[in-house]
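This report concerns only the one structure given below.
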Amino acid sequence: MSHSVSYGPTMPTSQAISALRPLPADAVRLSADGLLGGWQIRNADATLPHCISRLHTQGNLDNLRRVTGDFAGGFAGMWFADTDVYKTLEAALWELARSGGFSAFVADTAQLLEKAQDFDGYLDSYYQVDHRDRQWAELPSSHEMYSAGHLIQAAVAAARSASDTPAVQQILTVARRFADLLVRRFGPGGVDALDGHPEVETALVELYRVTGHRPYLDLAARFVGLRGHGLLGPDSRFRQRHYYQDHQPVRDATEVTGHVVRQVYLAAGAVDVAVETGDSALLNAAERLWESAIAAKTYLTGGQGSRHRDEAFGAPYELPPDRAYAETCAAIGGFHWAWRLLLATGRSRYADEMERLLYNGIAASTALDGTAFFYSNPLQLRTGHDGDDEDAPGRRLSWYSCACCPPNLARLMASLHTYTATGDPGGLQVHLYAPGTVTAGGHTIDVATAYPWEGTVTISVTETTEAPWTLTLRVPAWCADAQLTVNGEPVDTAVRHQGYLGLTRTWSPGDRVELALAMPPRLLAAHHRVDAVRGSVALTRGPLVYCLEQADLPGELDGIVLEDLELDACGPIGVITGAHPIAPVMLLTPVRAQSSADDELYLPLDAATPAATPPAGMPAIPYFLWANRAAGAMRVWIPLAPQER
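Each residue of the sequence shown is one higher than the last, beginning at 27 in my numbering.
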């Protein structure tokens, strides 16, 4: 195995079904002055150190030290608390490859894991000390293989870090010993069993991609194939089979269901298995599941999960904004799923969904300082709901009893640059727009843009070969008007295909391409079956969803609560730049406030028509920036005012 080239979290083999190929991780550098590059810097400077600190203070590392005999206290946290260590370790390894930081944490953690691991490869601090008699006996709920999966993904990051340090070798050795144990116990001819929480599937495929060891891929395929055959509940101890996606085989499934994170992780693993085994039927099933989610079970922000109970998908069109669960980990899992489908098919709709998730459902989870987080991400917060309830907090919290989201965010952000572009001998494909540099195949381009605040993307060719190659640029689905120029001249020879513009030519250093994406404000209405927002509209501009927040209520509406506001569709929506304390671009929204002389909860129709204040202009800020000031109400969906009073 070579460590000469660094790659990102996903790297299909040359034999895989793959329309697009990821670039080496060091082929893309995001500029710190861009939104995505700035998020990476914030992650390295604040989020990742915060996660490492919490592993110490919350007892996650001490749980492992209990196994080695170096800590005498009790077990702390959730029974799967080891996964927070592994996700943070993965984040540190991606950051080590990107910037050279966190080598001490990586080295210390590698030594601890090696010391804590059983002789046969087993590693799970919850079961190794107090619960040996229950090891492998509670797979629907134990998270043992889920935990192994996150360890393996940390090892994949280690292997792809282009480093031959002892710590990298230790982590890979520890993970492979655990993976080999899984193969011996649960591989062909072994126990027919599944973990209740999918994740190990995609990890095993990636370990196969790193090592070339076929049994890892075979075990992942076996786990995908076993799901849907009743190995997980229902019984008196466990939940119903739909919760685990164990109600029907993956290849036969037509609708996403159950616990959202489990569903999207399973689907991502199914794509990995499908492309590496050439299983087009399984790949089609993963696409079919994605369609079912997007068509009727996904919030405008890309968030998924409308039920707090079971952290689950609801019925089609069951999308209440104030009760949205929309877990951060689900958004991250959805991003990974979409990325794999993008690589497999080359279809821009998957990159569109990655963008929607990244700028809305994922970005909203993290405070501006990078050290506080949402677990669930509602699209409305009612007046007075400003408490610290972990299930539905009114503000971001610094940590959670189930702290899966912060380290998950850290690992995504540390590897974010690897998702922005792809490349092959024929050229470069740019999927996510951010200022920075992309180098591959003898070509180097510099990207300059204020995206997503502005729609102009300028690409300068700085290095190139003498042979023709194709520069491919995504035209987002939200954009109705895209203009392309090369060296200032309009281009009508670009090939449009699957949501992309491809420009093939013999390039010269200094060539300049400009893609102008029209970015007017838009009012969107939901499907009429989404009863919870019937008669309401949402504000968007470019890839960003906007919201109203109590903190921005204009002075003439002083004393009004956000729930009394309605949008005056007759008034214009303005775009204002640079005037808001936290938003570079805000939308000036015409609103009215309803008022009623009667406080009765229910009134006869002829007595229930409220009076309204004159229209006023209220700033709407990007949804991802809400809750960064004083606690207060927020809403994405705004009731539409009657056009006549």
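We treat Cβ as the ideally placed atom computed from N, Cα and C, and that holds for glycine.
Note that the coordinates shown come from a computational prediction; the quantities given were computed from them, not determined experimentally.
query                                                                                                                                                                                    : result
Using 10 angstroms around the beta-carbon of residue 27, count the other beta-carbons present and answer buried if the total reaches 16, otherwise exposed.                              : For residue 27, the predicted model reports a pLDDT of 40, less than 50, meaning its position is unreliable; a value from the coordinates is still stated below. Burial call: exposed.
In the DSSP output, which residue or residues are listed as bridge partners for residue 603?                                                                                             : 611
For residue 30, count neighbouring Cβ atoms within 10 angstroms of its own Cβ and tell me buried if that reaches 16, exposed if not.                                                     : Low confidence applies to residue 30: its pLDDT is 48, below 50, so where it sits in the model is not reliable, and the reading given next is rough at best. Exposed is the call here.
Select from 580, 224, 434, 611 the residue whose C-alpha is nearest the C-alpha of residue 546.                                                                                          : 611
DSSP three-state label for residue 495, please.                                                                                                                                          : strand
Can you grab the Cα-Cα spacing for the pair residue 262 / residue 159, in whole Å?                                                                                                       : Only weak support exists for where residue 262 lies, its pLDDT of 48 falling under 50; the coordinates are left without a value.
Let's see if you can read the secondary structure: which residues bound the beta strand (DSSP E) around residue 455?                                                                     : 453–456
What did DSSP end up calling residue 405 once you bin it into helix, strand or coil?                                                                                                     : coil
If you measure between the beta carbons of residue 181 and residue 93, is that distance less than 9 Å?                                                                                   : no
The beta strand (DSSP E) spanning residue 175 covers which residue range?                                                                                                                : Segment 170–185 is the alpha helix (DSSP H) holding residue 175; no beta strand (DSSP E) there.
Across which residues does DSSP place residue 645 in a beta bridge pair?                                                                                                                 : 614
Spatial neighbours of residue 282 within its chain, please: CB distance less than 7 Å, with the 5 preceding and 5 following residues excluded, ordered by chain position.                : 289, 315, 318, 319, 323, 339
Does DSSP put residue 308 in a helix, in a strand, or in coil?                                                                                                                           : helix
Have a look at 487, 514, 240 and flag the residue whose alpha-carbon is nearest the alpha-carbon of residue 532.                                                                         : 487
Considering residue 64, what are the terminal residues of the alpha helix (DSSP H) in which it resides?                                                                                  : 61–68
Going by the beta-carbon positions, is the gap between residue 226 and residue 284 smaller than 9 Å?                                                                                     : no
Leaving aside the five residues before and after residue 67 along the sequence, list all residues of the same chain whose C-beta is less than 8 Å from its C-beta, in chain order.       : 58
Pick from 291, 336, 276: whose alpha carbon is nearest that of residue 309?                                                                                                              : 276
Do the CB positions of residue 298 and residue 228 come within less than 9 Å of each other?                                                                                              : yes
With a cut-off of 8 Å on the beta carbons, I'd call residue 618 and residue 641 a contact; round off their distance for me.                                                              : 6 Å
Is the distance from the Cβ of residue 139 to the Cβ of residue 177 below 9 Å?                                                                                                           : yes
Kindly list the residues whose CB is nearer than 7 Å to the CB of residue 131, restricted to its own chain and excluding five residues on each side of it in sequence; keep chain order. : 78, 118
Any idea if residue 107 is buried or exposed, counting beta-carbon neighbours within 10 angstroms, 16 or more meaning buried?                                                            : buried
Taking only three categories from DSSP, how would you classify residue 528?                                                                                                              : strand
Between residue 366 and residue 36, how many whole angstroms is the CB-CB distance? I'm expecting something under 8 Å.                                                                   : 6 Å
Just grab the DSSP bridge partners of residue 512 for me.                                                                                                                                : 515, 539
So the alpha helix (DSSP H) residue 431 belongs to, where does it begin and stop?                                                                                                        : 431–440
Would you check if the region 544–564 and the region 360–374 touch, i.e. whether three or more CB-CB distances between them fall below 8 Å?                                              : no
Whose CA, out of 463, 501, 667, 493, lies closest to the CA of residue 560?                                                                                                              : 667
Since residue 278 contacts residue 252 with CB under 8 Å, what's their CB separation in whole angstroms?                                                                                 : Residue 278 to residue 252, Cβ: 14 Å. No contact.
Would you kindly check if the distance between the Cβ of residue 530 and the Cβ of residue 468 is under 9 Å?                                                                             : no
With DSSP collapsed to three states, give me the class of residue 380.                                                                                                                   : helix
Please report how far the alpha carbon of residue 419 lies from the alpha carbon of residue 361, in whole angstroms.                                                                     : 24 Å
Under the three-state reduction of DSSP, which class applies to residue 449: helix, strand or coil?                                                                                      : strand
Taking 6 Å as the limit between beta carbons, can you name the residues of its chain near residue 376, skipping five residues before and five after?                                     : 364, 367, 368
Just confirm the distance between the C-beta atoms of residue 595 and residue 620, as a whole number of angstroms; I'd bet it's less than 8 Å.                                           : Incorrect: roughly 15 Å between the Cβ atoms, too far for contact.
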